[in-house]
Each structure stands twice: as C-alpha cells, then as structure tokens.
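Take 1 as the starting number for the sequence shown in UniProt numbering and just add one per residue. Heads up, the beta-carbon is just placed ideally off N, CA and C, and yes, glycines get one too. Computed from a predicted model, the values in this text were never measured in an experiment.
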Amino acid sequence: MSQQHQSSKDVLDRRTLAGDHRRLAELLRPGQSVLDVGCGTGSITAGIAQAVQPGGEVLGLDRDADLLARAAARFAGRAGLSFACGDVLAFDAEARFDVVTAARALQWVPRLDEALARMVRAARPGGLVVVLDYSHERLRWDPEPPASMRRFYAAFLAWRAGLGMDNALADNLAGRFAAHGLEAVRVTDQDERFRRGDPGFGAALDIWLHVIDGCGPAMISAGALTEREQGEARRDYAGFCRDAAEGLVMVLRAVEGTKPGG
C-alpha cells in the first residue's frame with residue numbers, strides 16, 4: 001500500500017514477526033493459512049511463513065508494486081510464501097484463511113470499515129482476525145519536541161482526519177471488531193517504548209523524519225502545510241533527535257477477534 005507505508009523501505013526491512021508483531025507470533029500454528037494485509041517489503045510476512053511450517057501458507061497483499069518487488073526478491077523460494085499486488089478494498093476471497101492480519105497498515109486506510117469487512121469475509125468460520133496499529137493521538141515524546149514539530153504533528157493529525165483516517169485507531173479497533181460480528185475480542189498492549197541508549201531508539205525517532213518527508217508533499221498540496229513549515233519541522237526535529245530527545249512512546253495495540261461459525 002503506497003500511501004499506507006510512509007516509513008522508508010529500510011524501516012520496513014528491519015521489522016520481524018517476533019519483534020514487531022508479537023501477539024500474532026504467539027497465535028500462529030503449523031499448517032495455518034494466513035493473509036497479511038499491507039505486507040510491505042515482506043519482513044513480517046516471511047516470519048509468518050516460517051511460523052506456519054510445515055504445511056502452512058501465507059499470502060502477502062500490498063498495493064505498492066515496488067515494495068512487493070523488493071519482498072519477492074528478498075524471500076524468493078521461501079516455503080509457503082507468496083505475494084500479490086492488490087488493494088484490500090478490492091480483495092475478494094471468502095472463508096479462505098485461518099488468520100487474517102494487518103500490522104501498522106490500516107492506520108492509512110480511509111475506508112476502514114470496508115477494509116475490515118473484506119478481512120472478516122476472507123477469514124474462515126472460526127478463523128482469527130488480528131490487527132496491530134497505533135493511536136496517533138496518544139504519541140508522547142520526552143521532552144516535548146520543538147514548536148515547529150508540534151505544529152507539524154497537529155497539522156498531520158488534522159490532514160489525516162480530513163481524509164477519513166482514524167487517529168485513535170488502536171483505541172477504536174475493539175469496538176469496530178464487535179460491530180463486524182467478531183467474537184471473543186481481545187486487546188493486547190504492544191506499546192513501543194524507547195529511552196535514549198536503548199537499541200532502536202534512534203530508528204524510532206527517525207520514523208517521524210520519514211513521515212515529514214513522505215507525507216509533507218501531500219499535506220502541502222492539500223493546503224495543510226507550507227514548504228517553509230515542513231522545512232522548519234524537519235530541521236528542528238532532527239536537532240531534537242540528536243541533542244535533546246530522551247524518550248518516545250508510540251501507543252500500539254494488537255486486537256484479535258474470532259469469526260463466528262467455527
């Protein structure tokens with residue numbers, strides 16, 4: 001999903017099933033069939049394929065052909081793993097998969113209920129739907145970033161909301177799951193917490209530089225941001241990351257539910 005993945009390809013490449021979709025890793029079993037929506041460069045998807053062997057299979061779905069080409073090249077020949085280029089909103093499979101999952105992808109989907117309906121439809125009766133995503137409204141830096149970055153972030157949230165994206169997705173998923181008929185809905189805290197000196201601290205902070213670079217042009221085109229504001233936010237935030245940032249918390253929840261009828 002091109003719009004969905006604003007992080008760099010390198011950020012996506014570094015992700016793993018065990019480290020970045022921990023609740024799903026606990027749920028997978030050999031022999032299962034899995035659909036991974038918004039699979040990006042396939043790093044987590046490849047971990048899923050390994051976890052469901054022997055006998056399992058995973059299909060990674062993404063609408064970004066460049067990301068999929070990277071995934072196919074990296075994981076060519078991996079047992080039980082295939083990729084398809086397509087949008088979840090047009091994905092038409094009924095009762096096919098034991099597990100349907102999306103990690104950090106639905107945050108970029110404006111027509112969220114349509115996407116969830118497609119995901120539920122793709123799950124077999126008794127199958128699991130597992131979504132991992134953020135609540136952008138509850139992001140916390142320690143200390144607060146510079147004023148230019150705070151202004152950018154407020155504009156970012158407003159721009160997203162104007163496009164129909166859910167800035168509190170992690171907090172709203174359980175209710176949405178229930179509304180789509182899923183049962184035994186469970187929410188697991190998967191918050192990403194970093195302190196200076198921790199492994200991955202710099203990379204976590206840098207995600208927001210990728211957001212400034214990746215979303216900034218679209219925000220400017222929409223009138224939500226000026227080029228000057230984008231440049232100031234990037235400059236000041238880069239300095240903050242280098243010299244002042246001590247902590248970052250990104251609120252992240254794994255929400256799972258069972259499709260009735262199994």
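Rounded Cβ spacing between Arg-74 and Thr-41 (contact assumed at less than 8 angstroms): 7 angstroms
Residues bridged to Trp-208 (per DSSP): Paired residue(s): none; Trp-208 is not in a bridge.
If we count the other Cβ atoms within 10 Å of its Cβ and call it buried at 16 or more, is Ser-33 buried or exposed? By the neighbour-count rule (16 or more Cβ atoms within 10 Å), Ser-33 is buried.
Quick one: what's got a C-beta closer than 8 angstroms to Ala-122's C-beta in the same chain, skipping five residues either side? Only Leu-35, Phe-91, Ala-93, Glu-94, Ala-95, Arg-96, Phe-97 and Val-100 meet the Cβ criterion.
Closer than 9 angstroms to chain C by CB, Gly-197: Although the question refers to chain C, the structure presented lacks it and comprises just one protein chain.
Just reading off the alpha helix (DSSP H) that Arg-15 is part of, what are its end residues? In the DSSP assignment, Arg-15 falls outside any alpha helix (DSSP H), carrying neither H nor E.
Please name the residue or residues paired with Thr-188 in a DSSP beta bridge. Ala-254, per the DSSP bridge assignment.
Where in the region 120-179 do unbroken runs of the beta strand (DSSP E), each at least 3 residues long, occur, reported from the N-terminal end onward? 123-134 and 140-142
Three-state secondary structure assigned by DSSP to Asp-113: helix
For Ser-221, count neighbouring Cβ atoms within 10 angstroms of its own Cβ and tell me buried if that reaches 16, exposed if not. exposed
Are the region 99-117 and the region 164-180 touching by the rule of at least three beta carbon pairs closer than 8 angstroms? yes
First through last residue of the beta strand (DSSP E) which encompasses Gly-60: 57-62
Report, in whole angstroms, the separation of the C-beta atoms of Arg-253 and Asp-189, which I expect to be a contact under 8 angstroms. 7 angstroms between Cβ atoms; contact.
Local conformation of Thr-41 per DSSP, three classes: In this structure, Thr-41 counts as coil in the three-state DSSP scheme.
May I ask you to list the residues that DSSP assigns as paired with Cys-215? According to DSSP, Cys-215 bridges with nothing at all.
Quick one: residues in its chain with C-beta nearer than 7 angstroms to the C-beta of Met-1, no 5 flanking neighbours on either side, listed in chain order? Low per-residue confidence applies at Met-1: pLDDT is 38, beneath 50, and the placement is therefore not dependable, though the value from the model is reported in the following sentence. Gly-38, Asp-62, Arg-63, Asp-64, Ala-105 and Trp-108.
Leu-225 lies in the beta strand (DSSP E); which residues open and close that run? Leu-225 -> no beta strand (DSSP E), and no H or E assigned at all.
My assumption, with CB atoms under 8 angstroms, is that Arg-196 sits in contact with Glu-246. Please give the rounded CB distance. 5 angstroms
Within a Cβ cutoff of 7 angstroms, which residues of the same chain sit near Trp-159, ignoring the five residues on either side of it in sequence? If we look at Trp-159 and ignore the five residues flanking it on each side, its Cβ neighbours are Met-219, Ala-222 and Ala-224.
Would you call Gly-80 buried or exposed, if buried means 16 or more other Cβ atoms sit within 10 Å of its Cβ? It is buried - the Cβ of Gly-80 has at least 16 other Cβ atoms within 10 Å.
What does the alpha-carbon distance come out to for the pair Gly-127 and Ala-184? 12 angstroms
Which stretch, first to last residue, makes up the alpha helix (DSSP H) that contains Leu-67? 65-74
My output table needs one value for Gly-261: the three-state DSSP class, helix, strand or coil. Judged by DSSP in its simplified three-state form, Gly-261 adopts coil rather than helix or strand.
Residue interval of the alpha helix (DSSP H) (run including Leu-27): 22-27
One question on the structure: do Ala-103 and Leu-132 come within less than 9 angstroms of each other, judged by their Cβ atoms? In this structure, Leu-132 lies closer than 9 angstroms to Ala-103 by Cβ.
Just verifying my parser: in three-state terms, what is the DSSP assignment at His-5? In this prediction, His-5 has a pLDDT of 42, which is less than 50 and means its spatial position is unreliable; nothing more can be read from the coordinates.
Under 9 angstroms between the Cβ atoms of Gly-55 and Leu-112? no
Phe-91 in three-state terms, based on DSSP: coil
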